[in-house]
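Only one structure is covered here, and it is reproduced in the block below.
Protein chains: 2
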Amino acid sequence: MKKQERQRYIKRLLSSNEIERQEDFVRLLRAEEIDVTQATISRDIKDMQLVKVPSATGGYHYSMPVQKQMDTEKKLKRTLKDAYVSYATQDKFVLIKVLPGNGPALASLIETMHYDNVFGTLGDDSTVLIICKSLDATLELQQMIQRLLSDN
Amino acid sequence: MKKQERQRYIKRLLSSNEIERQEDFVRLLRAEEIDVTQATISRDIKDMQLVKVPSATGGYHYSMPVQKQMDTEKKLKRTLKDAYVSYATQDKFVLIKVLPGNGPALASLIETMHYDNVFGTLGDDSTVLIICKSLDATLELQQMIQRLLSDN
DNA sequence: AGCTATTTTGCATAAATATGAAAGACTGGA
DNA sequence: TCCAGTCTTTCATATTTATGCAAAATAGCT
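Protein sequences appear in the order of chains A and B. What the first sequence shows, in full-length UniProt numbering, is residues 1 to 152, in sequence order. What the second sequence shows, in full-length UniProt numbering, is residues 1 to 152, in sequence order.
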């Protein structure tokens, strides 16, 4: 399946927040050997219900649909609350310990949130490692986890 | 203040989900004696960080920013959980009883969520009346309230 | 009020996005 | 295999959105 694969790529590209127009997708996909035109991207965006968000800094960037984000955050929160054991940070890393079996699920949820500041995520059975893009980002992520754990 | 007032109108227009393009805003605002061009709307949308969402039914419509929606839903949930007494529905109405003093706050939160299906909201000291656009909508709203009350 | 700085708007148009229609790919038969 | 139906893509272009710039409005002074 060609289309689905491309759309997976598109999702992955989302977290790198420099995507300001559809042509950016075209360019980035071409770099990955996937040759498409803007027209197709436009249709993909419609399919996937992505939105072009005016960012606080003056530009625009594409992002996950509202509903999905809300749903995912909800699951994320629940998983965190259910399985959370401890966390630690060092440098640009955040390491979350969870109850055995919950690592991959949590990592995948964090992935699909497409946080702008997250470079990558890795989960084994009971540990999730999140690699941030900057030290500031690490702090922010930490606060977000705090928030998810504490609020209801 | 001209701009702010217009932006308030724009927010109010959001809940009527037939707004598919910026020109629709122009048209609807003109109907309310507010004379603007599409250029201004484009800037307002950027200011307010509204997004154009591809809807499930094939079209597009403008909507509140993700973050604000999430924040508001959070407050709404908290308020509901804190102040909820009972609710009842009849026809296209949902009537929520809350602890004294919480009616207006709750009504206003529901307003700012801009639910597509809500025609209007009215809150006195301890009661909130929500008027839906259809019977189906009433059911949906009811379920949403259930969800907010039960989940965490 | 009169003047200056700042903000907001419209106009014109550039830039970006969406889409009809034709062509190409893919699917599951017969 | 060949075909009909379905799905997907591109091309060309219509439609929609964003923006530079000049004019107008607004706000803050004195």
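Just so it is clear, CB atoms sit at the ideal spot from N, CA and C, and this is done for glycine as well.
- Message: Less than 9 Å between the C-beta atoms of residue 84 of chain B and residue 97 of chain B, yes or no?
- Response: yes
- Message: Between which residues of its own chain and residue 180 of chain A is the CB-CB distance below 6 Å, once the five residues before and five after are set aside?
- Response: The requested residue 180 of chain A is not part of the displayed model; chain A covers only 1 to 152.
- CB of residue 105 of chain B within 9 Å of CB of residue 79 of chain B, strictly: yes
- Task: Along the beta strand (DSSP E) that carries residue 88 of chain A, what are the first and last residues, could you check?
- Result: 84-90
- Whole-angstrom distance between residue 21 of chain B and residue 65 of chain B, CA atom to CA atom: 16 Å
- Excluding sequence positions up to five away, which residues of its chain have a Cβ less than 8 Å from the Cβ of residue 87 of chain A? 94, 95, 96, 97, 142 and 145
- Could you list which residues in chain A have their beta carbon closer than 8 Å to that of residue 45 of chain B, in chain order? 54
- Decide yes or no for the touch test of the segment 2-17 of chain A against the segment 19-35 of chain B: beta carbon pairs closer than 8 Å, at least 3 of them. no
- Task: Determine, using beta carbons only, whether residue 119 of chain B and residue 77 of chain B come nearer to each other than 9 Å.
- Result: no
- Listed by chain order, chain B residues near residue 156 of chain A by CB distance under 7 Å: Since the first residue of chain A shown is 1 and the last is 152, residue 156 of chain A is not available in this structure.
- Task: Buried or exposed for residue 6 of chain B, please, with buried defined as at least 16 other CB atoms from any protein chain shown within 10 angstroms of its CB.
- Result: buried
- Which residues in the same chain as residue 124 of chain B place their Cβ atom closer than 8 Å to its Cβ, once the five residues preceding and following it in sequence are excluded? 103 and 104
- Within chain B, the residues that residue 73 of chain A reaches when beta carbons sit closer than 8 Å: 70
- Since residue 61 of chain B sits in a beta bridge, which residues does DSSP pair it with? B:53
- Task: Output, in chain order, the set of chain B residues within a Cβ distance shorter than 7 Å of residue 49 of chain A.
- Result: 53 and 54
- Rounded Cβ spacing between residue 55 of chain B and residue 99 of chain B (contact assumed at less than 8 Å): So it is not a contact: roughly 37 Å between Cβ atoms.
- Can you check DSSP and say which residues form a bridge with residue 164 of chain B? Nothing in the structure corresponds to residue 164 of chain B, since chain B is present only between 1 and 152.
- Name the chain A residues whose beta carbon is nearer than 9 Å to that of residue 195 of chain B? In this structure chain B extends from 1 to 152, so residue 195 of chain B is not present and cannot be described.
- Task: Take residue 109 of chain A and list the residues in its own chain whose beta-carbon comes closer than 8 Å to its own, dropping the five residues that flank it on each side.
- Result: 72, 75, 76 and 79
- Query: Would a C-beta distance cut-off of 9 Å place residue 112 of chain A and residue 46 of chain A closer than the cut-off?
  - Reply: no
- Message: Please tell me whether residue 52 of chain B and residue 52 of chain A are closer than 9 Å, where the distance is taken between their beta carbons.
- Response: yes
- Message: Looking at chain B, is there any beta carbon in it that lies within less than 9 Å of the beta carbon of residue 60 of chain A?
- Response: yes
- Beta-carbon proximity list for residue 48 of chain B, same chain, < 8 Å, skipping 5 on both sides: 7, 10, 11 and 65
- Query: Is the Cβ of residue 65 of chain A closer than 9 Å to any Cβ of chain B?
  - Reply: yes
- Is residue 129 of chain B helix, strand or coil by DSSP? strand
- Item | Where residue 44 of chain B falls, given that 16 or more other Cβ within 10 Å makes a residue buried | buried
- Query: Relative to the alpha-carbon of residue 150 of chain B, which residue among B:58, B:82, B:41 and B:114 has its alpha-carbon at the smallest distance?
  - Reply: B:82
- Query: Among B:37, B:23 and B:129, which residue has its Cα nearest to the Cα of residue 3 of chain B?
  - Reply: B:37
- What's the gap between the Cα of residue 148 of chain B and the Cα of residue 60 of chain A? 32 Å
- Task: Look at residue 131 of chain A and residue 122 of chain A and say whether their C-beta atoms are less than 9 Å apart.
- Result: yes
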